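Trainee: So the protein lines, in turn, are chains B and C. If you use full-length UniProt numbering, the first sequence corresponds to residues 1 to 386, in order. If you use full-length UniProt numbering, the second sequence corresponds to residues 1 to 386, in order. This is the structure I have questions about; it appears just below.
There are 2 protein chains.
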Amino acid sequence: MSKSSKVRLGIVGMGGMGTAHAKSIIAGEAGRIELTAVCDRKIELMKPFEDAKHFDDSDAMIASGEIDAILICTPHYSHTTIGIAALEAGLHVLVEKPISVHKADCERLIAAHTNKKQIFAAMFNQRTTPAYIKLRELIKNGELGKIQRINWIITDWFRTDYYYASGDWRATWGGEGGGVLLNQCPHQLDLWQWLFGMPSKVKAFCQIGRFHDIEVEDDVTAYLEYENGATGVFITTTGEAPGTNRLEVVGENGKMVLDGRDSITFTRNEVSCREFCATADTGFDTPDVWNVEIPIKGENPQHKGILKNFAEAILEGAELLAPAEEGIHSVELANSMLYSTFTDSTVELPLDGAAYEAVLKKKIETSTFVKKTVEVTEVADLSGTY
Amino acid sequence: MSKSSKVRLGIVGMGGMGTAHAKSIIAGEAGRIELTAVCDRKIELMKPFEDAKHFDDSDAMIASGEIDAILICTPHYSHTTIGIAALEAGLHVLVEKPISVHKADCERLIAAHTNKKQIFAAMFNQRTTPAYIKLRELIKNGELGKIQRINWIITDWFRTDYYYASGDWRATWGGEGGGVLLNQCPHQLDLWQWLFGMPSKVKAFCQIGRFHDIEVEDDVTAYLEYENGATGVFITTTGEAPGTNRLEVVGENGKMVLDGRDSITFTRNEVSCREFCATADTGFDTPDVWNVEIPIKGENPQHKGILKNFAEAILEGAELLAPAEEGIHSVELANSMLYSTFTDSTVELPLDGAAYEAVLKKKIETSTFVKKTVEVTEVADLSGTY
Chain B
1 MSKSSKVRLG IVGMGGMGTA HAKSIIAGEA GRIELTAVCD RKIELMKPFE
51 DAKHFDDSDA MIASGEIDAI LICTPHYSHT TIGIAALEAG LHVLVEKPIS
101 VHKADCERLI AAHTNKKQIF AAMFNQRTTP AYIKLRELIK NGELGKIQRI
151 NWIITDWFRT DYYYASGDWR ATWGGEGGGV LLNQCPHQLD LWQWLFGMPS
201 KVKAFCQIGR FHDIEVEDDV TAYLEYENGA TGVFITTTGE APGTNRLEVV
251 GENGKMVLDG RDSITFTRNE VSCREFCATA DTGFDTPDVW NVEIPIKGEN
301 PQHKGILKNF AEAILEGAEL LAPAEEGIHS VELANSMLYS TFTDSTVELP
351 LDGAAYEAVL KKKIETSTFV KKTVEVTEVA DLSGTY
Chain C
1 MSKSSKVRLG IVGMGGMGTA HAKSIIAGEA GRIELTAVCD RKIELMKPFE
51 DAKHFDDSDA MIASGEIDAI LICTPHYSHT TIGIAALEAG LHVLVEKPIS
101 VHKADCERLI AAHTNKKQIF AAMFNQRTTP AYIKLRELIK NGELGKIQRI
151 NWIITDWFRT DYYYASGDWR ATWGGEGGGV LLNQCPHQLD LWQWLFGMPS
201 KVKAFCQIGR FHDIEVEDDV TAYLEYENGA TGVFITTTGE APGTNRLEVV
251 GENGKMVLDG RDSITFTRNE VSCREFCATA DTGFDTPDVW NVEIPIKGEN
301 PQHKGILKNF AEAILEGAEL LAPAEEGIHS VELANSMLYS TFTDSTVELP
351 LDGAAYEAVL KKKIETSTFV KKTVEVTEVA DLSGTY
């Protein structure tokens, strides 16, 4: 490992996200990281980064000695293969979401992380959002008591036909292994398990190409149930504008609502509704409540925050905001939703990763879908995306 | 039929709702109705209404010649039997919700309405709520365009253990034929079909006695899908306080939200998101929107409005706000949600009414549940309920 005061980073995959990360590193916004190498099969995508070494092959970059750490921004399937190669070569690894396309690949990738001195993180940049951090803190502190119900409508992932036509890997079983659940929603699925833990069963209704001419899901309604009976609903689509991002969490002590990412509204019961239910001597009363607005403080550094934390973990032993190992949960949720749809059944968790991999392989093998694509000459500007 | 300028009404079932209706009629709040008879097996419940004839048998009241019309406020199962008897006797009939407990009974009841000169209405008093009337008008006028998604969280039906113990018929298969879906939610299920029409399939997750010691459902999450792919989620429970009543309706032209019953928020796309999706030459843009607040005008007469309209239909041929025939839809939705849970399957609509009736009968026959009850000496004050 380098003894320099900066992490020497190589980025593989110089599409929209890779380019955005490279720019923020060069601009000095991403902490103690030096961009020493970039890698892409399309040579022209590396041109803007003339101070970094250029590679057209990830194995060559991994073996080059030019980097201490790698940031993987390639299409999803290769997260697993490149991640394993990099971990086996002793590099620190930061992988874009999802960490892999399916649970069995996640397990393979995570198994390659044998040397815990190597830092292995995932780009779950929404974990830096102050409102989610605050909500998590409030839940952990028991402010809601036992959680009874969760409802997350996250439908502000609108994407146009042009978007889907802009990359031949996009929205295909072979290219992405799914649609909105694999590309847009890993963030919310990760936040879900980070905030509430994993459910014990999942039933989902995924619609394939409902709003776009694609072979994967662009519309999902999922029901999740926990061991203790707590229920959840997760709704997403790329076909809706203006879209909604509203998370409602109900516990025995009240209700918290995040409508957007900027505030938490807490309707707080003066006594637990369970206690009130059991002890009231009238039929229709409810506990008295407080209407509480919880201000959200702090910056939301997003990708830059994850990059910075990654460097600090390498250089100073800082605790990771998003260990890659935790990335298996969002993949398992996404896979379970698709598997539930394919089999028209309620899936008990943990999901059988091998069974899902077999179903997905079959989807790829039997795909006859011909995707419309357009020639995109410029790298998409993803600076405003999440 | 009487030639008086008022409808001579008899109420059967002088529990909470029957008593509340009687009081508002006597107070002159319910239009051109005269309370000429009341009927209950519990003699003492009729005492406050000394100007009306008292009956302890509904057939006797129906045959008495004292009434032109009957308002049925008995436990749900007898809505069918008393309703049929009253229709066959030539009376006008107003029946509390649900019109019957299950679809097959609804069909029997509706079949008895052969003489269309007899007015036959249902107490869907939430149809008088100005916000729902406005929303319906906006949808019918095409302001939202084609509807894509509906989400109704209606969990402000909190009920205590005392409530369930306050009547031995409550929350039993034999007494009510269900829980929150049959007692509290007929309103919202009726509004759902009134606003959006009937779905083509239903999958629901009902939890039995999750929050109360009862043998029927007190917690429901249901997924509804329409022929054209539109999706819906309906969530209800009597176990949650403070609870939520939030209806979000998304169409291609934008989104309308009713949070409570007092306002409609309309986020309006300048162009349809479907058109925008197909024609944009960028991947991440969304249509420009207007943020619109739609003021809600007018009174909300609730039960009194339905009573008044019932009398006006009889006396002047006014159009019914809530024809009883339409009451079959909310029952079919409730039955489908329970049937889907019992069979752990997605139910295709129309529901097989005979199959559901058989399942329900089995529930009743095999019930071994012993319900805790408390002696309630006063009639519950339902003036604040919906």
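Glycine included, C-beta positions come from ideal geometry on N, C-alpha and C. Only a predicted model underlies this, so the values are computations on that prediction, with no experimental measurement involved.
Is there at least one Cβ from chain B nearer than 9 Å to residue 459 of chain C's Cβ?
Mentor: There is no way to answer for residue 459 of chain C, as the model of chain C reaches only from 1 to 386.
Trainee: Below 9 Å between beta carbons: does that hold for residue 82 of chain C and residue 72 of chain C?
Mentor: Taking the second sequence and counting its residues from 1, the one referred to as residue 82 of chain C is at position 82. Taking the second sequence and counting its residues from 1, the one referred to as residue 72 of chain C is at position 72. Cβ atoms of residue 82 of chain C and residue 72 of chain C: closer than 9 Å.
Trainee: Indicate whether at least one CB of chain C lies closer than 9 Å to the CB of residue 221 of chain B.
Mentor: To locate residue 221 of chain B, count along the first sequence from 1; it is residue 221. Yes, residue 221 of chain B lies at the interface with chain C (some Cβ there is under 9 Å from its Cβ).
Trainee: Residue 110 of chain C and residue 314 of chain C: beta carbons closer than 9 Å?
Mentor: Here residue 110 of chain C refers to the residue found at position 110 of the second sequence. Here residue 314 of chain C refers to the residue found at position 314 of the second sequence. No. Outside cutoff.
Trainee: What three-state label does DSSP hand residue 108 of chain B in the structure shown?
Mentor: Here residue 108 of chain B is taken as the residue at index 108 of the first sequence, counted from 1. Reduced to three states, the DSSP call for residue 108 of chain B is helix.
Trainee: Does any residue of chain C have a CB that is nearer than 9 Å to the CB of residue 308 of chain B?
Mentor: Within the first sequence, numbered from 1, the residue matching residue 308 of chain B stands at position 308. It does not: the Cβ of residue 308 of chain B has no partner Cβ on chain C nearer than 9 Å.
Trainee: Quick one: measure Cβ to Cβ for residue 270 of chain B and residue 289 of chain B, integer angstroms, because I've assumed they're closer than 8 Å.
Mentor: Position 270 of the first sequence, counted from the start, is the residue given in the question as residue 270 of chain B. Position 289 of the first sequence, counted from the start, is the residue given in the question as residue 289 of chain B. Confirmed, about 7 Å.
Trainee: Write down every uninterrupted run of the alpha helix (DSSP H) in the region 292-318 of chain C whose length is 4 residues or greater and which is fully enclosed by it, in chain order.
Mentor: Fully enclosed alpha helix (DSSP H) runs of 4 or longer: 302-316.
Trainee: I need the DSSP call for residue 7 of chain B, collapsed to helix, strand or coil.
Mentor: In the first sequence, residue 7 of chain B corresponds to position 7, counting from 1. Of the three classes helix, strand and coil, the one that applies to residue 7 of chain B here is strand, per DSSP.
Trainee: Is the CB of residue 12 of chain B under 9 Å away from at least one CB in chain C?
Mentor: To locate residue 12 of chain B, count along the first sequence from 1; it is residue 12. No, residue 12 of chain B lies away from the interface with chain C (no Cβ there is under 9 Å from its Cβ).
Trainee: Does the Cβ-Cβ distance between residue 102 of chain B and residue 183 of chain B come in under 9 Å?
Mentor: As a working note, residue 102 of chain B is residue 102 in the first sequence. As a working note, residue 183 of chain B is residue 183 in the first sequence. Cβ distance not < 9 Å, so residue 102 of chain B and residue 183 of chain B don't count as in contact.
Trainee: Given a cut-off of 9 Å on the beta-carbon distance, is the pair residue 194 of chain C and residue 124 of chain C in contact?
Mentor: Along the second sequence, one-based indexing puts residue 194 of chain C at 194. Along the second sequence, one-based indexing puts residue 124 of chain C at 124. Their beta carbons are under 9 Å apart, which means residue 194 of chain C touches residue 124 of chain C by this criterion.
Trainee: Check this for me: beta carbons of residue 211 of chain C and residue 220 of chain C, under 9 Å apart or not?
Mentor: As a working mapping, residue 211 of chain C is identified with position 211 in the second sequence. As a working mapping, residue 220 of chain C is identified with position 220 in the second sequence. No; because the gap between Cβ atoms is not below 9 Å, this pair is not in contact.
Trainee: From the DSSP output, in three-state form, read off residue 269 of chain B for me.
Mentor: Here residue 269 of chain B refers to the residue found at position 269 when the first sequence is read from its first residue. Residue state, collapsed to three classes: strand.
Trainee: Should residue 369 of chain B be flagged as near chain C, meaning a C-beta pair shorter than 9 Å?
Mentor: Reading the first sequence from its first residue, position 369 is the one you call residue 369 of chain B. Answer no: the Cβ-Cβ gap between residue 369 of chain B and chain C never drops below 9 Å.
Trainee: Per DSSP, residue 219 of chain B forms a beta bridge with which residues?
Mentor: Here residue 219 of chain B refers to the residue found at position 219 of the first sequence. Partner(s): B:207 and B:237.
Trainee: Beta carbon of residue 160 of chain C, beta carbon of residue 284 of chain B: below 9 Å?
Mentor: The residue given as residue 160 of chain C occupies position 160 in the second sequence. The residue given as residue 284 of chain B occupies position 284 in the first sequence. A contact, by the Cβ cut-off of 9 Å.
Trainee: Can you check whether the C-beta of residue 231 of chain C is within less than 9 Å of a C-beta belonging to chain B?
Mentor: Looking up residue 231 of chain C in the second sequence gives position 231. By this cut-off, residue 231 of chain C is an interface position.
Trainee: Could you tell me how far apart the beta carbons of residue 392 of chain C and residue 218 of chain C are, in whole angstroms, since I believe they sit closer than 8 Å?
Mentor: Not covered by the structure: residue 392 of chain C. The range shown for chain C is 1 to 386.
Trainee: With a cut-off of 9 Å, does the C-beta of residue 49 of chain B fall near any C-beta of chain C?
Mentor: Sequence index remark: in the first sequence, residue 49 of chain B carries index 49 (1-based). No, its Cβ sits nowhere closer than 9 Å to a Cβ of chain C.
Trainee: Suppose the cutoff is 6 Å on Cβ atoms and the five residues either side in sequence are ignored; what does the same chain contact list for residue 216 of chain C look like?
Mentor: The residue given as residue 216 of chain C occupies position 216 in the second sequence. Around residue 216 of chain C: 171, 178 and 179.
Trainee: From the beta carbon of residue 1 of chain B, is the nearest beta carbon of chain C less than 9 Å away?
Mentor: As a first step, residue 1 of chain B is located in the first sequence; it is residue number 1 there, counting from the start. The predicted model places residue 1 of chain B with a pLDDT of 45, which falls under 50 and marks its position as unreliable, so this point remains unresolved.
Trainee: Along chain B, in chain order, which residues have C-beta atoms closer than 8 Å to that of residue 266 of chain C?
Mentor: Residue mapping note: residue 266 of chain C aligns to position 266 of the second sequence, counting from 1. Going along chain B, no residue has its Cβ under 8 Å from residue 266 of chain C, so there is no contact; the nearest lies around 11 Å.
Trainee: Look at the alpha carbon of residue 1 of chain C and the alpha carbon of residue 136 of chain C, and state the distance between them as a whole number of angstroms.
Mentor: Indexing the second sequence from 1 puts residue 1 of chain C at position 1. Indexing the second sequence from 1 puts residue 136 of chain C at position 136. Caution is warranted here: a pLDDT of 45 is assigned to residue 1 of chain C, below 50, making its placement in the model unreliable, and no coordinate value can be reported.
Trainee: Can a CB atom of chain C be found closer than 9 Å to the CB of residue 203 of chain B?
Mentor: As a working mapping, residue 203 of chain B is identified with position 203 in the first sequence. Chain C contact via Cβ: present.
Trainee: Of all the CB atoms in chain B, is at least one closer than 9 Å to the CB of residue 342 of chain C?
Mentor: Stepping through the second sequence from its first residue, residue 342 of chain C is reached at position 342. Answer no: the Cβ-Cβ gap between residue 342 of chain C and chain B never drops below 9 Å.
Trainee: Tell me whether residue 49 of chain C sits in a helix, a strand or coil according to DSSP, three-state version.
Mentor: Translated into the one-based positions of the second sequence, residue 49 of chain C becomes position 49. Residue state, collapsed to three classes: coil.
Trainee: With three or more C-beta pairs closer than 8 Å as the rule, is the region 362-378 of chain B touching the region 39-58 of chain C?
Mentor: Touching, no.
Trainee: What did DSSP end up calling residue 389 of chain C once you bin it into helix, strand or coil?
Mentor: For residue 389 of chain C there is no data in the structure shown, the boundaries of chain C being 1 and 386.
Trainee: Under the rule that 16 or more other beta-carbon atoms within 10 Å means buried, what is residue 366 of chain B, buried or exposed?
Mentor: The residue you call residue 366 of chain B lines up with position 366 of the first sequence. It is exposed - the Cβ of residue 366 of chain B has fewer than 16 other Cβ atoms within 10 Å.
Trainee: The alpha helix (DSSP H) that contains residue 20 of chain B, what's its start and end?
Mentor: Within the first sequence, the letter at position 20 stands for residue 20 of chain B. Taken as a continuous stretch (DSSP letters only), the alpha helix (DSSP H) holding residue 20 of chain B covers 16-26.
Trainee: Where do the N-terminal and C-terminal ends of the beta strand (DSSP E) with residue 254 of chain B fall, by residue?
Mentor: For the purposes of this step, residue 254 of chain B is identified with residue 254 of the first sequence, where counting begins at 1. Run containing residue 254 of chain B: 254-259, per the beta strand (DSSP E) assignment.
Trainee: Quick one, which residues of the region 284-302 of chain C are near chain B if we go by CB-CB under 8 Å, in chain order?
Mentor: Residues passing the 8 Å Cβ filter: 284, 285, 286, 287 and 289.
Trainee: Exposed or buried, which one is residue 12 of chain B when buried takes at least 16 other CB atoms within 10 Å?
Mentor: As a position in the first sequence, residue 12 of chain B is number 12, starting the count at 1. Looking at its Cβ environment, which holds 16 or more other Cβ atoms inside 10 Å, residue 12 of chain B is buried.
Trainee: For the 8 Å Cβ check, are there 3 or more pairs between the region 335-343 of chain B and the region 356-366 of chain B?
Mentor: Cβ pair count under 8 Å is three or more, so yes.
Trainee: What's the C-alpha gap between residue 388 of chain C and residue 130 of chain C?
Mentor: As shown, chain C starts at 1 and ends at 386. That puts residue 388 of chain C outside it, with no answer to give.
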